[in-house]
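Trainee: Residue numbers (the numbering used here): 11 to 178.
Ideal Cβ positions, reconstructed from N, Cα and C, are used throughout, including at glycine.
Below is one structure. I have some questions about it.
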């Protein structure tokens, strides 16, 4: 069973139920991977999503990646790639898949540049972060293309357009 907890710090828009939105994004991403079974697995599979500001993300980025600048999303997987397949059969009652952290100011700026809503952009980044939690990466062109294709499919299932489409 999949559980997604979203913690929205100010100044994220309060009108949206971020926990529902984050849960939908995580489920849509997982459904397209070899780990789709985790959504219905006997152990509780948890993903934590923190919606915060550039300052907090910059500190995390500096401390964990050695890059002293904010970024749009950070992912912190808690399960090694080689252990992911066995999670559905785990005897553990709860498994923390990982954490996803988004920076509001960076996300808002990028959304404005792309001429999309902050909500849609944040949803894309949660999908992106989820794929990182289950071992996907974009370190080379082939892996980036594969990851982007999954993101586009997951977002389409949520009624969100292709984030990689060229602007007119």
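Per DSSP, residue 142 is paired with what?
Mentor: In the DSSP output, where bridge partners are listed per residue, residue 142 has none listed.
Trainee: Given residue 80, which residues of its chain have a CB within under 8 Å of its CB, disregarding the five upstream and five downstream residues?
Mentor: Same-chain partners within the cutoff: 64, 65, 67, 68, 71, 113, 115, 116.
Trainee: With a cut-off of 7 Å, does the C-beta of residue 65 fall near any C-beta of chain C?
Mentor: Among the chains of the structure shown, chain C does not appear; only one protein chain is present.
Trainee: I need the boundaries of the beta strand (DSSP E) containing residue 104, first residue and last residue.
Mentor: From DSSP, the beta strand (DSSP E) with residue 104 extends over 104-113.
Trainee: Please state if the CB of residue 108 and the CB of residue 143 are separated by a distance shorter than 7 Å.
Mentor: Against a cut-off of 7 Å, the Cβ pair of residue 108 and residue 143 comes out as a contact.
Trainee: Counting pairs of beta carbons, one from the stretch 33-47 and one from the stretch 147-158, are three or more of them closer than 8 Å?
Mentor: With a cut-off of 8 Å, the stretch 147-158 and the stretch 33-47 do not count as touching, because too few Cβ pairs lie within range.
Trainee: Would you check if the stretch 31-39 and the stretch 155-164 touch, i.e. whether three or more CB-CB distances between them fall below 8 Å?
Mentor: Result yes; three or more Cβ-Cβ pairs closer than 8 Å.
Trainee: Can you grab the Cα-Cα spacing for the pair residue 238 / residue 92, in whole Å?
Mentor: Since the displayed the chain opens at 11 and closes at 178, residue 238 lies outside it and no answer follows.
Trainee: Is it the case that the Cβ atoms of residue 172 and residue 120 are separated by a distance below 7 Å?
Mentor: For residue 172 and residue 120, no; Cβs fall outside 7 Å.
Trainee: Considering only C-alpha positions, which residue in the set 118, 145, 14, 103 is nearest to residue 89?
Mentor: If we check each option's Cα against that of residue 89, 145 comes out closest.
Trainee: Where residue 21 and residue 54 are concerned, what is the direct C-alpha to C-alpha distance, given to the nearest angstrom?
Mentor: Each residue's alpha carbon lies about 30 Å from the other.
Trainee: Please list the terminal residues of the continuous beta strand (DSSP E) segment that includes residue 55.
Mentor: 54-62 is the extent of the beta strand (DSSP E) around residue 55.
Trainee: I need the straight-line Cα distance from residue 16 to residue 176, nearest angstrom please.
Mentor: Looking at the two C-alpha atoms, the distance is approximately 30 Å.
Trainee: Please report the straight-line C-alpha distance between residue 58 and residue 26, rounded to a whole angstrom.
Mentor: C-alpha separation (whole angstroms): 17 Å.
Trainee: In whole angstroms, give me the CA-to-CA distance for residue 23 and residue 157.
Mentor: Each residue's Cα considered, the two are about 28 Å apart.
Trainee: Are there 16 or more other CB atoms within 10 angstroms of the CB of residue 169, so buried, or fewer, so exposed?
Mentor: When all chains shown are included, residue 169 counts as exposed.
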